[in-house]
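One structure is given here, and the rest of the page talks about it.
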Amino acid sequence: MKKHIAWLLACLLVSPFQIILAEDGSRLWLRQDNGTQTEIVVPKTSPTLNLAAGELRRAWQGNPVTLVLKADKRMKKEAFTLRQTDGKVIITSPSEVGLLYGTYHILRLQATRSLSEITEVPVTCSPSYDLRLLNHWDNLDRSVERGYAGKSLWEWDELPLHVSDRYAEYARANASIGINGTVLNNVNASAQILSPEYLEKVKVLADIFRPYGIRVFLSVNFASPMQLGGLSTADPADKQVAGWWKRKVNEIYRLIPDFGGFLVKANSEGQPGPQDYGRTHADGANMLADALKPHKGVVMWRSFVYSPDSDDRAKQAYKEFVPFDGQFRSNVIIQIKNGPVDFQPREPFTPLFGAMPHTAQMVEFQITQEYLGFANHVAFLSPMWKECLESDTYCRGANSTIARVTDGSVYPQSVTAIAGVSNIGTDANWCGHPLAQANWYAFGRLAWNHELSSEAIAREWVCQTYGTDPHLQALDTLLLASREAVVDYMMPLGLHHIFSFSGHYGPGPWQTMPGGRPDWQPPYYHRADSIGIGFDRTTAGSDAVSQYNEPLASQYNDLRTCPESLLLWFHHVPWTYRMKSGRTLWDELCLHYDTGVKQARRFQTLWDSLQSYVDAERYELVKQKLIIQTRDAVWWKDACLLYFQTFSRQRIPLDVERPIHELEPLMQLRFRIGNHENAPLILN
Ligand code: GCW
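Read in the working numbering, the sequence shown has 274 at position 247, and its numbers run on one by one without any break.
Following this line, the structure appears as structure tokens:
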């Protein structure tokens, strides 16, 4: 009886056709649980195959399913083939984990009502990248750098004795979208992670993740031999240092035989690295690669470097890495952020992609929304990532897209990979904003198949997370428009890095730090003056354009051919410059900010139209978040327009909504954003 009442209470909302149970979002996109107990045939029992069978029993409602393990040299190990014969669904793969992926795939087809895709003609699904990795910027004290969804999932103090249920749930969610590796700790790494005590804890996680096909990787601090090993140097040319790393790597593999390898942030933002000893990135990466090689481990060496004395931060990675092309070991991959500055709402791609034909390269995306409104704003990032992956580098003629450069199609790579900086934490709904789960999902799906469209990914996610009612397509519309809306109300037309420096949340285009690094101050990026606005990166300016191949270099260099979405990235443009629309730059800028605000308001309406189709709990939370988003959009628009107006001296066009704030008080706002609070705390 008690149960019955509880259940009734849980039915917070009744639509004309169905009862919608309240949900806290913890089940993510894995909400099917009405399996009809059809016949499931598995080749044997094993931890991985038991998981596959369990998933099918829990949720599969279709014809009998047979899983077949079959060696096939033409297939990648993790690939699977699907077909239907004699009323049975057959999944074939050379590996157990391939069968698990096939299982999740047919469950996805079921949830999206696409089972008709399984026919008598076999279809093979194969991953675009060998390594599909989440990067956690999780610290050992359980804070998460740029994390907005609670604390780190890893309960280091309780491990290895106490094991949270969430570890397996995490692994399951990742496996269901094809993610096969996780870097557990922050790239600003504590050497402590390599201590015997912590490695025991890491081993426990690796053991839990293994059946799901997920391997563990660690970020390492380059000075670990000193900080942990007591050596007097971390010089990669020092035999003792190399020996220390070899022994450490061997120790790791004794505990974790399938350990994946290291991720390294070196000589970047104060982190130690080989340059501290007059050595190069290649010297540092190769020393680690040599230690890992016998175990088939890899080194992901990040290219995120910039220095205060550079005339243009955007040029640094290219300058520092291209000279070493061909000097890295085959198990080193250069991990490159999509844009040359830093995960901005919109950047051109980093010109380093495709510029090192003899070196493996991979993309690093940021799933967590450091620069896109934290867990407060909805910003579905698949369109941003597709924009990068589909960018043509022209490194070997046309169709040398970043997708093809990094998946080994343009230049051979012995291992291919893609990474996303995680947005996951201890919040019940994992990602803080219920709709931010779509970004975790989208990253996994694109890592598996970079040819999927954002529309298809959004549809899959909505169907699985909210249901198949056609009204819910309004949510696809909202998601697909959301990233461009953020660009519009934060930094349209190629503007970038005009955030307030306390936390990268609100606007701060006016902020300066007397005596501070220029490249940490917004005016360095927007360069507004009485003539115009934008960073001149043409041949007459910083010449960053010349790092791109033709025809891009010329296209970007010329004001008339540069895409308007990147105009102020590459050019300092007069306020009165005529845009393609016929409006002046100033008017166009105003219009973009206004469009962004209007879009945020439209998202509120779209979401409200879904009230009867979404459970009350998730409905309310998203509704609240959209209020914050719209408030912030207005804040951004008013702050940026009023501030830039002090340079342009032009009127805000009449068809643009009037500011509701005044500039002075906006500039006086001092705000601090707590790591575990989603809403910014405004201190005045
Ligand atoms: O985006 C910037 C962040 C830092 C981060 C750094 C990096 C982990 O503001 O918090 O540090 O990039 O990618 O290394």
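Glycine included, each C-beta is placed from N, C-alpha and C at the ideal position.
Short Cβ contact (8 Å threshold) for residue i with residue j
i, j, result
"Trp412", "Gln362", "no"
"Arg58", "Gly471", "no"
"Phe392", "Val432", "no"
"Ala455", "Gly174", "no"
"Gln440", "Ala387", "yes"
"Asn248", "Pro301", "no"
"Thr75", "Leu127", "yes"
"Ala341", "Ala571", "yes"
"Ile118", "Leu94", "yes"
"Ile445", "Ala474", "yes"
"Leu319", "Phe289", "yes"
"Ser481", "Pro410", "yes"
"Leu633", "His498", "no"
"Ile241", "Val190", "no"
"Asp515", "Gly623", "yes"
"Tyr239", "Leu78", "yes"
Nearest-angstrom Cα separation, counted from residue j out to residue i
i, j, result
"Asn403", "Gly459", "8 Å"
"Asn207", "Ile220", "21 Å"
"Asn702", "Arg193", "No answer about Asn702 holds up, because its pLDDT of 44 lies below 50 and its placement is not dependable."
"Met314", "Val359", "10 Å"
"Trp457", "Trp56", "12 Å"
"Asn711", "Leu690", "In this predicted model, Asn711 has a pLDDT of only 39, less than 50, meaning its place in the structure is not dependable enough to derive any value."
"Ala714", "Ala200", "Residue 714 cannot be examined here, being either before or after the span of the chain that is shown, 28 to 711."
"Val489", "Leu502", "7 Å"
"Cys667", "Trp183", "43 Å"
"Thr139", "Pro367", "37 Å"
"Phe331", "Asp369", "8 Å"
"Trp596", "Glu374", "8 Å"
"Glu755", "Ser179", "Only positions 28 to 711 of the chain appear in the structure, and residue 755 is not among them; the question remains open."
"Lys230", "Asn162", "18 Å"
"Glu144", "Gly114", "14 Å"
"Glu478", "Gln672", "42 Å"
"Tyr670", "Asn61", "56 Å"
"Met694", "Leu594", "26 Å"
"Asp99", "Ser153", "13 Å"
"Gly81", "Thr72", "11 Å"
"Ile204", "Gly177", "23 Å"
"Asp262", "Gly568", "37 Å"
"Ile451", "Leu282", "26 Å"
"His553", "His523", "7 Å"
"Gly257", "Lys346", "34 Å"
"Arg486", "Gln500", "8 Å"
"Ile429", "His688", "42 Å"
"Gln656", "Gln538", "22 Å"
"Ser427", "Pro541", "43 Å"
beta-carbon residue i near the ligand GCW non-hydrogen atom, thresh 7 Å
i, result
"Glu374", "no"
"Phe392", "no"
"Val332", "no"
"Trp547", "no"
"Asp9", "Since the displayed the chain opens at 28 and closes at 711, residue 9 lies outside it and no answer follows."
"Glu482", "no"
"Arg173", "yes"
"Val214", "yes"
"Tyr217", "Contrary to the premise, residue 217 reads as Ser rather than Tyr in this sequence. Checking every heavy atom of the ligand GCW against the Cβ of Ser217, none is found closer than 7 Å."
"Trp745", "Since the first residue shown for the chain is 28 and the last is 711, residue 745 is missing from the structure and cannot be characterised."
"Ser295", "yes"
"Lys292", "yes"
"Glu397", "yes"
Option in the options with minimal Cα separation from residue i
i, options, result
"Trp467", "Met518, Ala406, Arg423", "Ala406"
"Gly270", "Ser259, Pro252, Arg281", "Pro252"
"Gly307", "Asn294, Ala318, Pro284, Val243", "Note that residue 307 is Thr in the sequence shown, not Gly. If we check each option's Cα against that of Thr307, Asn294 comes out closest."
"Ile560", "Leu96, Glu615, His163, Lys275", "Glu615"
"Thr377", "Gly353, His385, Thr395, Phe348", "Phe348"
"Ser449", "Ser436, Ile484, Gln396", "Gln396"
"Asn212", "Lys100, Gly311, Trp181", "Trp181"
"Met383", "Gly297, Val437, Asp265, Tyr398", "Val437"
"Asp682", "Arg610, Leu696, Ser636", "Arg610"
"Met517", "Val171, Asp659, Pro686", "Asp659"
"Arg398", "Gly533, Asp165, Glu224", "With the sequence shown as reference, residue 398 is identified as Tyr, and Arg is not the correct amino acid for it. The option with the nearest alpha carbon to Tyr398 is Gly533."
"Arg678", "Cys617, Gly623, Phe630", "Cys617"
Minimum Cβ-Cβ distance from residue i to chain C less than 8 Å
i, result
"Arg306", "Of the protein chains in this structure there is only one, and it is not chain C."
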